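Data first, discussion second: the structure below is written as structure tokens.
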Amino acid sequence: MTPIQKLSETADVFYIISRAQHDGHTLRRLPDLAPPHLVVYGYLLSKYTSRWQFYRTAAFLCDHSDPSSVREVVNPNKDHKVQEVACRHGIDPASFARVCRRLRMVWPLLP
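Going by the UniProt record's numbering, the letters in the sequence shown line up with residues 1 to 111, in that order.
Following this line, the structure appears as structure tokens:
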């Protein structure tokens, strides 16, 4: 496993813990903002903010009536996830998938 893959996996674990806490389930406490974890938190923030903005931009490009209502962070490299996002927000799945494929060519997504 490369260092970036390990960082990505660790960020995913931090995200899962935070989502569980947000939903009322206490799996465990999130690690403190100690120096060893700052890189993970920075990566996590960058990764999911980029995905969040990616979907808002895709919704805008698909002429969605309210692109700011699209608040998704699932992996846009998986076509079935992109179609699920489109369906949740009332966007034509084929059109949304096409826009997302094109947008992925230029959008800086972290693994």
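In this text, a Cβ means the ideal position worked out from N, Cα and C, and glycines have one as well. Only a predicted model underlies this, so the values are computations on that prediction, with no experimental measurement involved.
Nearest neighbour of Lys47, chosen from Ala97, Ser8, Arg102 [CA to CA]: Per the Cα distances, Ser8.
Cys100, enclosing alpha helix (DSSP H) - first and last residue: Element bounds for Cys100: 93-104.
Beta-carbon separation (whole angstroms), Leu109 vs Arg51, contact threshold 8 Å: Sure, about 7 Å apart at Cβ, within 8 Å.
Coarse secondary structure for Gly24, derived from DSSP in three states: If DSSP states are grouped into helix, strand and coil, Gly24 belongs with coil.
C-beta contact flag for Ile91 and Cys62 at 7 Å: In this structure, Ile91 places its C-beta atom within 7 Å of the C-beta atom of Cys62.
Proximity winner among Val39, Ala94, Leu27, relative to Ala58 (alpha-carbon distances): Sorting Val39, Ala94, Leu27 by C-alpha distance to the C-alpha of Ala58 places Ala94 at the top.
Cβ-based neighbour list, Asn75, same chain, cut-off 7 Å, excluding 5 preceding and 5 following: Listed in chain order, the non-local C-beta contacts of Asn75 below 7 Å within the same chain comprise Lys81, local neighbours out to five positions each way being set aside.
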